Ligand SMILES: *Cc1c(COP(=O)(O)O)cnc(C)c1O
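In the UniProt record's numbering, the protein residues as written are 1 to 470.
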């Protein structure tokens, strides 16, 4: 026997078919049972076997997976899941993950077909948001990384010497609304500028960036010797799904010579719906854009995407020339530029296949329709909230996120009610703070969630609230 391959291929083949059947069974019945259940300590303990010296049979490992892992999932594949911003996956994406595993491609570079699939997926993404086809991009873990890559690209475009000399005592600053996702200040932190180099612009009553305030902050910062280099708009804020005035932000960015970035982590998918096109107008002018295929596009985790308008500037921020990574004119080492030129990763998996298969299978029309269906469910939920005494809608429903308060309960009470709801297994919304008040937050990112599920969630909330009020 040579290497790690099985001696008995027919045995592993039979086992593989069994695993696949078990997966399909689970997916077909994904809505049965609780959304989530806590993993008992006994199950956690059972997982802690230590690194075994002797191998374990695949049968036994699969059994342990079925007993110890599958029942205690994240819940995001279940239609009752409405928390945070999670995609729900599809059977198509699941199969694509398996096929990609079989290829075991390394998409950091070189000349092979998996990279061509990724290039095609990037062209689809550029066309979805209306950016020029000669832009660049790559698939990454998620929007946190995509936003980080954008900030690195923008700052190196402003000052190429940063790559050699570091940020030092840089006075470079960027802007985003107070509602921007926490990964943006973290990206400024990781990039060495410090999280305070991301200046937070207040929002107006409609939860969108206050453009007059943005203008004033840029002027004042310049006067005090700071160096503004970028502004980030959000298309679909994580708290309530608001869409910043991207046209307006772009105009201010151009007036001031700033890089215009858009965090469209989930909102980008709304570009596939004619209903939301107007509200997203300006997204196509982005210098860089971060979004996720693993959220509203329902591709299995993980699959984020960064797009950059100017491919030279993108490569200028990351590309290196190294003796052991020489690019040739032909042979396996050809095919430059390589994806490792567009981000910090050298070894990269074949994420593109699950994106290509999911989007390719459903097509842009069906995906746009699914986005609209999620928004319809959100509108239904918002109407039910408004029609229910004791519940109050706390923010307008722009896309797919509904935030509501519960009268007669303190913030602590609302927080505990949501924890009770999770433990009941009925539904899993999350919470956020809207204008200082704790809100129950239902984000309908899940293509399986219907009005039946939001009704069930709301009934449970009403019952739990009545119990708490006493
Ligand atoms: C989810 C989200 C992010 C972070 O994306 P990850 O894929 O979780 O890294 C950033 N911005 C917004 C608006 C988001 O909703």
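The beta carbon of each residue, even a glycine, is placed where N, CA and C say it ideally should be. All of these numbers come straight from a predicted model, not from anything done at the bench.
Please determine, among the options, the residue with the shortest C-alpha to C-alpha distance to residue i.
i           : options               : result
residue 315 : 343, 200 and 248      : 343
residue 238 : 434, 406, 33 and 74   : 434
residue 292 : 114, 79, 220 and 145  : 145
residue 215 : 197, 250, 36 and 196  : 250
residue 405 : 397, 390, 396 and 190 : 390
residue 58  : 6, 385 and 41         : 6
residue 151 : 306, 358 and 201      : 306
residue 36  : 427, 469 and 324      : 427
residue 461 : 277, 392 and 103      : 392
residue 229 : 139, 373, 235 and 153 : 153
residue 455 : 467, 129, 387 and 274 : 387
residue 133 : 24, 266, 310 and 69   : 310
residue 451 : 294, 197, 22 and 380  : 380
residue 326 : 336, 318 and 66       : 336
residue 334 : 110, 124, 463 and 42  : 110
residue 259 : 158, 177, 347 and 294 : 158
residue 308 : 129, 235 and 68       : 129
residue 60  : 19, 80, 97 and 164    : 19
residue 30  : 21, 77 and 42         : 77
residue 38  : 68, 385, 160 and 448  : 68
residue 161 : 457, 317, 378 and 423 : 317
residue 467 : 200, 447, 339 and 408 : 408
residue 192 : 165, 213 and 358      : 165
Name the two residues that bound the continuous alpha helix (DSSP H) containing residue i.
i           : result
residue 218 : 211 to 223
residue 138 : That residue, residue 138, is in no alpha helix (DSSP H); its beta strand (DSSP E) goes 136 to 140.
residue 64  : 58 to 64
residue 183 : 183 to 190
residue 24  : 9 to 28
residue 375 : 351 to 386
residue 332 : Segment: none, residue 332 is in no alpha helix (DSSP H) and carries neither H nor E.
residue 156 : 143 to 158
residue 95  : 91 to 103
What does DSSP give as the partner residue(s) for residue i in the beta ladder?
i           : result
residue 261 : 232 and 288
residue 434 : 437
residue 166 : Answer is none; residue 166 lacks a bridge partner.
residue 243 : 235
residue 276 : Bridge partners of residue 276: none, in fact.
residue 81  : 428
For residue i, does the three-state DSSP call read helix, strand or coil?
i           : result
residue 321 : coil
residue 390 : coil
residue 405 : strand
residue 180 : coil
residue 53  : coil
residue 2   : coil
residue 121 : helix
residue 313 : helix
residue 161 : coil
residue 442 : strand
residue 227 : strand
residue 471 : Nothing can be reported for residue 471: it is not among the residues displayed for the chain, which extend from 1 to 470.
residue 413 : helix
residue 251 : helix
residue 267 : helix
residue 340 : helix
residue 256 : coil
residue 127 : helix
residue 106 : coil
Under the criterion of a Cβ to heavy atom distance below 7 angstroms, does residue i qualify as lining ligand 3?
i          : result
residue 43 : Although ligand 3 was asked about, the structure shown includes only ligand 1 as ligands.
Given residue i, which residues of its chain have a CB within under 8 angstroms of its CB, disregarding the five upstream and five downstream residues?
i           : result
residue 245 : 208, 209, 211, 233 and 282
residue 26  : 70
residue 163 : 156 and 317
Could you name the residues of the same chain whose beta carbon sits closer than 6 angstroms to that of residue i, not counting the 5 residues immediately before and after it, in chain order?
i           : result
residue 401 : 240, 241 and 443
residue 121 : 352, 355 and 356
residue 115 : 107
residue 276 : 270
residue 84  : 430
residue 287 : 259, 260 and 309
Within its chain, find whatever has a CB closer than 7 angstroms to the CB of residue i; leave out the 5 residues flanking it on each side and keep chain order.
i           : result
residue 431 : 414, 415, 418, 438, 439, 440 and 441
residue 328 : 334
residue 187 : 147, 148 and 151
residue 247 : 281 and 282
residue 475 : Nothing can be reported for residue 475: it is not among the residues displayed for the chain, which extend from 1 to 470.
How is the beta strand (DSSP E) around residue i delimited, first residue to last?
i           : result
residue 304 : 304 to 308
residue 464 : Per DSSP, residue 464 belongs to no beta strand (DSSP E); it is in the alpha helix (DSSP H), 451 to 469.
residue 176 : 172 to 177
residue 47  : Element bounds for residue 47: not the beta strand (DSSP E) but the alpha helix (DSSP H), 41 to 47.
residue 201 : 198 to 201
So, does the CB of residue i fall closer than 8 angstroms to a CB anywhere in chain D?
i           : result
residue 224 : Of the chains in the structure shown, none is chain D; there is only one protein chain.
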